[in-house]
Amino acid sequence: MLKSEVWICCSFGMAGVSEGRFDSHSFDYWANPTVEEWDMSMWIGSYIPKARTASETSPRHSLPTHQDPPGSRASGVAKQVKKSVDVHVRIRPLIDGEVERQDATLSFQTSTTRGTSLSFSLPKTDNDDVEFVEVLGGFQVPKSKPKRDKRFSHFTSVHRDVTNRSFFDATVAPLVDEALAGRTGCCFAYGHTGSGKTHTILGYGAEHGMYHLAATQLFAALDRVNMDVHDDQDRVKIQVRFNEVYNGDVYDLLHDGAKCFVREDGHGKVQIRSDTTTDAVTGLVTTAFSSSHLATSETELLAIVTKGTLSRATGNSNVHRASSRSHALLQMELVSDRVLALRDVVARKEAELGRCGYERDSLDMDIFVRQHDKFEGKWVKKADALASTPAECAQLLQFRRLYARLEAEIAAAQADVANAPGLPCVGGAVVFVDLAGSEHASKITDGIQKTDDEQQECREINQSLSALRACFLATARGHRSVSCYRESKLTLALRDHLRAHGGSRTVMIAAISPSSFHVDKTIHTLQYAQMVAQP
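For the sequence shown, this note's numbering assigns the number 6 to the initial residue and increments by one for each residue that follows.
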């Protein structure tokens, strides 16, 4: 059996949070694995060893023995994901443009075989009556019969021509219970542009969307539980964050569309962060989360979401002229003033840690540059290089001691957040995702041509949705690696919600049109939904 050479997996980076799969001053060493024992991961410089029996395990083949938290980046391997995605199909009525065009309506049938199945027949075309086709040389051969019957299965439920209220009660309401239990429920809508995604999630006119109906139930429950709270610091309220992913970038809809950055912290938790700010007095550089607003009533929450909705990027599409061209991520988290104050302590400690690490690394680099010359693209140590001075050594030692102390203080502060007194629902959240439409090339008959900017939007939308599909496929196949989530900002931002930790729940809404004009897009949506729904 062939043997590979020693493989060294080294990751490094400046102190604090950095983008990518790099941890501050970490170094992992795996030696002499056999070629057959490795599965290549999707990120450069790491390999994931295949599972071995206890009798085959030896120190030489073992992974690092330290315990990483779920989703940790240290080894590039996450715990086995147990898929828990409930897929609900929603078929909307014909809309005005389809009625004016006199589109034929697809005839859908449902059954309860292998979950809930949905089937329909493709409409006939003029080519269906053709029995023979002519090939090169004038020969005629029989034409294959088209397969008109389509069937998709493994769905949790199928709903047609129902109100948002009825659909919410049957599909999304359980996510509110998840939040009230301190967990996360995620609901996202997928489908082609104009299929009813935004109408379902955000609502339209007098018909409330899923987020509005969920907020109503949350505040009704909070009014009851807050009656037993005696300390105002422990009263539960809802913290709202509203972001969008547009053309591959992330923006804060509650802060005039300011650009944000998706990062992983030192514990592998994904965070959407804003620009850094520098304290004028202390000089501490702090990286805050994307802006959030606190709501103590349903009216306040609706005003917050309305403000964010007006900031969304919109444009013309070849289906729906008022279609959203961005992915919207709306998070409603249950918090208390006590927990928010403790989180601020963690943020300040992390800012101090970042400054300490920066100063330490700067001194290290100054010493290195002083002792080396760059020759033909490589750093070569000078023959007369002077060693670090006693003052520099003492300063480096001081930095390292301070860094270790701050790390311990951050761990203690995070433990305070996790163990803070209060109601068990604190930390629970409901996340709604309104995905942009999966755009296709313009049809000649639709009467609308895309500009260059719109074509770029379409490419970005399809790329991010393709990455999302790859993540679902990896989950369905039981792949443990989380690297596929790094293929787009959308999937990275959704990673912690789509991976079911601690019994959290994910719901997918597959929105489709009954119009035969959109049958190809309907098939695409149902194929996608079936892949997600398969156990």
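Yeah, the Cβ is synthetic: ideal placement off N, Cα and C, and Gly gets one too.
Next item on the list: Please check the pair D182 and P98, which I expect to be a contact at CB under 8 Å, by giving their CB distance rounded to whole angstroms.
Entry: Indexing the sequence shown from 1 puts residue 182 at position 177. Indexing the sequence shown from 1 puts residue 98 at position 93. That pair is no contact at about 30 Å.
Note to self: Using 8 Å as the cut-off, can you tell me whether the segment 146-165 makes contact with the segment 473-490, which would need three or more C-beta pairs spanning the two stretches below that distance?
What the structure shows: Too few Cβ pairs lie closer than 8 Å, so no.
Notebook entry, point to check: Of all the beta strand (DSSP E) runs that stay within the bounds of the segment 272-309, which reach a length of 3 or more residues?
Noted result: You should have 275-283, 290-294 and 298-300.
Item checked: Span of the beta strand (DSSP E) around Y251 -> Working through the sequence shown from its first residue, we reach residue 251 at position 246. Element bounds for Y251: K242 to Y251.
Check: Exposed or buried, which one is Q107 when buried takes at least 16 other CB atoms within 10 Å?
Finding: For the purposes of this step, residue 107 is taken as the residue at position 102 of the sequence shown. Exposed: under 16 other Cβ atoms inside 10 Å.
Next item on the list: Using 7 Å as the cut-off, classify the Cβ of A434 as near or not near the heavy atoms of the ligand MG, replying yes or no.
Entry: In the structure shown, the ligand MG is absent, as is every other ligand, since no ligand is present at all.
Notebook entry, point to check: Between which two residues does the alpha helix (DSSP H) harbouring L227 extend?
Noted result: Sequence index remark: in the sequence shown, residue 227 carries index 222 (1-based). Unbroken alpha helix (DSSP H) run through L227: M215 to N231.
Check: CA-CA distance, G362 and F404?
Finding: Walking along the sequence shown from the start, residue 362 turns up at place 357. Walking along the sequence shown from the start, residue 404 turns up at place 399. Taking C-alpha positions only, G362 is separated from F404 by approximately 8 Å.
Notebook entry, point to check: Do you know offhand how far T301's Cα is from K354's?
Noted result: The residue you call residue 301 lines up with position 296 of the sequence shown. The residue you call residue 354 lines up with position 349 of the sequence shown. K354 has its alpha-carbon roughly 29 Å from the corresponding atom of T301.
Notebook entry, point to check: Near V351, which residues of its chain fall below 7 Å by C-beta distance, leaving aside the five closest residues on each side in sequence?
Noted result: The residue given as residue 351 occupies position 346 in the sequence shown. For V351, where only same-chain residues beyond five positions count, the Cβ hits under 7 Å are I415, A418, Q419 and V422.
Next item on the list: Using 10 angstroms around the beta-carbon of D237, count the other beta-carbons present and answer buried if the total reaches 16, otherwise exposed.
Entry: Along the sequence shown, one-based indexing puts residue 237 at 232. Here D237 is exposed, its C-beta having fewer than 16 other C-beta atoms within 10 Å.
Check: Going along the chain, which residues of its own chain have a beta-carbon closer than 6 Å to the beta-carbon of T496, five neighbours each way excluded?
Finding: Walking along the sequence shown from the start, residue 496 turns up at place 491. Hits under 6 Å: A472, L473, C476 and Y490.
Notebook entry, point to check: Per DSSP, what kind of secondary structure is T456 in: helix, strand or coil?
Noted result: Mapped onto the sequence shown, residue 456 falls at position 451. Correct three-state label for T456: coil.
Next item on the list: Give me the Cβ distance between D254 and N248, rounded to the nearest whole Å; I'm assuming they're in contact under 8 Å.
Entry: Counting from 1 along the sequence shown, the entry for residue 254 is found at position 249. Counting from 1 along the sequence shown, the entry for residue 248 is found at position 243. The pair is not a contact, with the Cβ atoms about 11 Å apart (cut-off 8 Å).
Checklist line | Per DSSP, cross-strand counterpart(s) of P147 | finding: Counting from one through the sequence shown, the residue named residue 147 turns up at place 142. Its beta-bridge partners are F137.
Check: For the beta strand (DSSP E) that D579 lies in, which residues bound it at each end?
Finding: Absent from the structure is residue 579, since the part of the chain shown begins at 6 and ends at 540.
Margin query: Comparing C-alpha positions only, which one of F522, G190, C430 and I514 sits nearest to Y533?
Written below: Within the sequence shown, residue 533 is the residue found at index 528, counting from 1. The residue from F522, G190, C430 and I514 with its alpha-carbon nearest to that of Y533 is I514.
Notebook entry, point to check: Straight-line CA distance for R188 to L223?
Noted result: One-based indexing of the sequence shown puts residue 188 at position 183. One-based indexing of the sequence shown puts residue 223 at position 218. Rounded to whole angstroms, the gap between the alpha carbons of R188 and L223 is 13 Å.
Notebook entry, point to check: Taking K155 as the reference, which of V524, M536 and V537 has the closest Cα?
Noted result: Counted from its first residue, the sequence shown places residue 155 at position 150. Nearest to K155 by C-alpha distance, out of V524, M536 and V537, is V524.
Note to self: Rounded to whole angstroms, what is the Cα-Cα separation between R360 and D349?
What the structure shows: Residue numbering aside, residue 360 sits at position 355 when the sequence shown is read from its first letter. Residue numbering aside, residue 349 sits at position 344 when the sequence shown is read from its first letter. Approximately 17 Å, taken between the alpha carbons.
Notebook entry, point to check: Where S521 and T110 are concerned, what is the direct C-alpha to C-alpha distance, given to the nearest angstrom?
Noted result: Reading the sequence shown from its first residue, position 516 is the one you call residue 521. Reading the sequence shown from its first residue, position 105 is the one you call residue 110. A direct Cα-Cα distance of roughly 6 Å separates S521 from T110.
Checklist line | Exposure label - H235; buried when at least 16 CB within 10 Å | finding: Within the sequence shown, numbered from 1, the residue matching residue 235 stands at position 230. Answer is exposed; the Cβ neighbour count stays below 16.
Item checked: Three-state secondary structure (DSSP) of H235 -> Here the question's residue 235 lines up with position 230 in the sequence shown. Three-state result, H235: coil.
Next item on the list: Return yes when the Cβ of A219 is within less than 8 Å of the Cβ of V245, no when it is not.
Entry: Locating residue 245 in the sequence shown gives position 240, counting from the first residue. Locating residue 219 in the sequence shown gives position 214, counting from the first residue. Contact: no.
Next item on the list: Answer with buried or exposed for P395, where buried requires no fewer than 16 other C-beta atoms within 10 angstroms of its C-beta.
Entry: Position 390 of the sequence shown, counting from 1, holds the residue named residue 395. Classification for P395: exposed.
Notebook entry, point to check: For Q400, does the three-state DSSP call read helix, strand or coil?
Noted result: On the sequence shown, position 395 is the one that residue 400 refers to. Note: Q400 maps to helix in three-state DSSP.
Notebook entry, point to check: Distance, Cα to Cα, E305 vs V487?
Noted result: Mapped onto the sequence shown, residue 305 falls at position 300. Mapped onto the sequence shown, residue 487 falls at position 482. Spanning the two alpha carbons is a distance of roughly 37 Å.
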